[in-house]
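Participant: Dumping the structure here so I can ask a few things about it.
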Amino acid sequence: MEILNFLLPIHFSPFKIEILPITFFIIIWSLFIFTIKQVYQKAKPENWEHNWYGGDVDNTANDLDAEHGSVMEISEAVATPSEKLADIMPGMILIIGLLGTFLGLGLALDKASSILTSANAMNNMDASMVQLMGMLEGLGTKFKTSTWGLLAFILLKVILSKNGYEERRLRWSIEKVKGELDLARDRQLKEQRQNNQNIIDSMQNIAQLFVETLGNNQTKNQELFLQLSRHSEESKNAMVSFIEKNEATVSSLGISATGMSKAAVQMGDSAKHLQGVIDSFRTNMESVVDLMKKDLNSTIAGMNESFSQNMTEMSKGLNTATKDISNAVNSLSGSVDETMREVTATIGKSMDLQTKAQAVFVESTETLNDYVNEMTGLVNKLSGDITGGLKAVSDSNLQMKNVAKKAEELTKIVEGSFKESLQSIESVTTLKPTLENLIFGIDSQISLLGKIENNTSPDHQKKSNNLLKLGVRK
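What follows is the structure, given as structure tokens:
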């Protein structure tokens, strides 16, 4: 009875009710009963399945997967809030019981301290002792909350262990993971079988296409072999005809070679006759060229001498005219100023005329030199062309003696030489108008000098003679 009286929140002998123990008694056993009730109601496979799918079966984004972790981790992931509360509730109840005990002891000690403080006189000693005795009698009741917490802790552990919700959840998790792995394995096996079937179908199609392609290739190869045999037969026939035609061609070439040898002998005789003609032509051309050189040289020398004599006579005439002008100027030195001004103007005009005459004389000298140079170049060109033509004829003659096949080229060279000789003769013919123009120019210069000889000074005459000499040297 004493134990039962201690465990009850109400003290029956004497009857006494304390608020603090009753409050902790209600809290501890209410949590005890709530935890057991929630575990028996919520720790079921339906709730674990609901947590597996993340609260929504239709939404696969929040679903757990068998490969997300170990079986223990998955078991913890699918646990309900009631199960998680049951895991921590025994400890919480024990702590609440200890809290009630320490709270009651604290209040009792505080009350004892106040009683001892108030016992300051001898007359209050008896009252204080009575109060302390009453406090000590109720001190044992302060450990009721701790006892209740320990009893609830032990009972809750035993009941939850008997329920076995953790083992049941772990087993369910193992079965779920195994089922998911079996489904994944079956799905993968089905996909693999499907892939293998697709590969087999593809290989069958490839084999069928290979057989068809091989048959088509055999047909085409047979056709090509037939064409090749026909082409080979045609090539054989063409070779036979080619050999026959080649034999006929060789025979005709032999006949042609015989005719060509005879023609070569005749060409050699013709070449010898042509050599004699060319030798005589060369001799005649050399004599003609020598005569032309001599005549041209003598003609040019005579022209130079006559030109020098004419220029010398002109210079003498100019000197005489200059002396006469000087005498006339000296005789008129004593005249009046008006006469001097007229003489001065006349002398100025004479100087202008002399300057113009000098310019005309220089231009005429240059023109004469150009004509002489042109005539000399034409003569040299004529000589060179004739010499080159003779050399070409000689070389062609020598080659004709050695090689009969080049007779045609020799003929062309001789024709070219005749053409060049004709061109040379035409060049000599065209030289005649040039010489006539030169003689006409000299006559015009003589008449021009005769007109200006009265207005020429001795200094200008010396300069003209020097220019004339330079022109003759050139």
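Residue numbering for the sequence shown follows the numbering used here, beginning at -1 and increasing consecutively.
For glycine and all other residues, C-beta sits at the position ideal for the given N, C-alpha and C.
Grouping DSSP H, G and I as helix and E and B as strand, with all else coil, what is residue 16?
Facilitator: In this structure, residue 16 counts as coil in the three-state DSSP scheme.
Participant: Tell me, to the nearest whole angstrom, how far the beta carbon of residue 163 is from that of residue 75; I am working on the premise that it is less than 8 Å.
Facilitator: About 15 Å; that fails the 8 Å criterion.
Participant: Please classify residue 19: is it buried, with 16 or more other beta-carbons within 10 angstroms of its beta-carbon, or exposed?
Facilitator: Buried, since its Cβ has 16 or more Cβ neighbours within 10 Å.
Participant: Relative to the alpha-carbon of residue 85, which residue among 218, 149, 36, 271 has its alpha-carbon at the smallest distance?
Facilitator: Among 218, 149, 36, 271, the Cα nearest to that of residue 85 belongs to 36.
Participant: First and last residue of the alpha helix (DSSP H) that includes residue 158?
Facilitator: First-last of the alpha helix (DSSP H) with residue 158: 142 to 161.
Participant: Identify whether residue 217 lies in helix, strand or coil by the three-state DSSP scheme.
Facilitator: Helix, per DSSP.
Participant: Taking Cβ positions only, does residue 105 come closer than 7 Å to chain D?
Facilitator: Within the model displayed, chain D is absent; a lone protein chain is all it includes.
Participant: Mind checking residue 467: buried by the 16 CB within 10 Å criterion, or exposed?
Facilitator: Here the model assigns residue 467 a pLDDT of 48, short of 50, so the residue's position is not dependable and the matter cannot be decided.
Participant: Is residue 26 closer than 7 Å to residue 94 when the C-beta atoms are compared?
Facilitator: Yes, these two residues count as a Cβ contact at 7 Å.
Participant: Looking at residue 143 and residue 104, is the spacing between their C-beta atoms short of 7 Å?
Facilitator: The answer is no: Cβ separation not under 7 Å.
Participant: Straight-line CA distance for residue 251 to residue 289?
Facilitator: Each residue's alpha carbon lies about 54 Å from the other.
Participant: Where does residue 179 sit, in a helix, a strand or coil, going by DSSP?
Facilitator: Helix at residue 179.
Participant: Within its chain, find whatever has a CB closer than 8 Å to the CB of residue 39; leave out the 5 residues flanking it on each side and keep chain order.
Facilitator: The residues are 80.
Participant: Taking C-beta to C-beta, are residue 34 and residue 152 nearer than 7 Å?
Facilitator: It is not a contact, given that the beta carbons lie outside the stated cut-off.
Participant: Flag this pair as yes or no: are the beta carbons of residue 91 and residue 181 separated by less than 7 Å?
Facilitator: No; because the gap between Cβ atoms is not below 7 Å, this pair is not in contact.
Participant: Let me confirm a value: residue 159 is counted as buried when at least 16 other C-beta atoms fall within 10 Å, else exposed. Which label applies?
Facilitator: Per the 10 Å Cβ criterion, exposed.
Participant: Quick check: what's the CA-CA separation for residue 17 versus residue 169?
Facilitator: In a straight line, the C-alpha of residue 17 is about 46 Å away from that of residue 169.
Participant: Determine the extent of the alpha helix (DSSP H) in which residue 41 is found, giving its start and end residues.
Facilitator: Note, residue 41: premise wrong, no alpha helix (DSSP H); not H, not E.
Participant: Residue 106 and residue 140 look like a contact to me (Cβ under 8 Å); what is the Cβ gap, rounded to whole Å?
Facilitator: Indeed they touch by this definition, with Cβ atoms about 6 Å apart.
Participant: Could you compute how far the alpha carbon of residue 303 sits from the alpha carbon of residue 296?
Facilitator: The straight-line gap from Cα to Cα measures roughly 11 Å.
Participant: Using DSSP with H/G/I as helix, E/B as strand and the rest coil, what is residue 52?
Facilitator: DSSP places residue 52 in coil when its eight states are reduced to three.
Participant: Would DSSP call residue 341 helix, strand or coil?
Facilitator: A caution first: residue 341 carries a pLDDT of 48, below 50, which makes its placement in the model unreliable, though a value can still be read off. It is helical.
Participant: Just to confirm, are residue 88 and residue 154 a CB contact at a threshold of 7 Å?
Facilitator: The answer is yes: Cβ separation under 7 Å.
Participant: Report yes if the C-beta distance between residue 146 and residue 23 is below 7 Å; otherwise report no.
Facilitator: Yes; because the gap between Cβ atoms is below 7 Å, this pair is in contact.
Participant: What's the C-alpha gap between residue 52 and residue 62?
Facilitator: Looking at the two C-alpha atoms, the distance is approximately 8 Å.
Participant: What would DSSP say about residue 256, mapped onto helix, strand or coil?
Facilitator: In this structure, residue 256 counts as helix in the three-state DSSP scheme.
Participant: Quick check on this structure: which residue in 6, 219, 50 has the alpha carbon closest to the alpha carbon of residue 173?
Facilitator: Closest option to residue 173, Cα to Cα, is 50.
Participant: Quick check on the burial criterion: 16 or more other C-beta atoms within 10 angstroms. Buried or exposed for residue 167?
Facilitator: By the neighbour-count rule (16 or more Cβ atoms within 10 Å), residue 167 is buried.
Participant: Do the CB positions of residue 78 and residue 45 come within less than 7 Å of each other?
Facilitator: Yes, the pair counts as a contact, with Cβ atoms nearer than the cut-off.
Participant: Sorted by chain position, which residues of the same chain lie with C-beta nearer than 7 Å to residue 96's C-beta, five sequence neighbours on each side aside?
Facilitator: The answer, listed in chain order, is 144, 147.
Participant: Rounded to whole angstroms, what's the CA-CA distance from residue 234 to residue 222? Just pull it up for me.
Facilitator: So the alpha carbons of these two residues sit roughly 18 Å apart.
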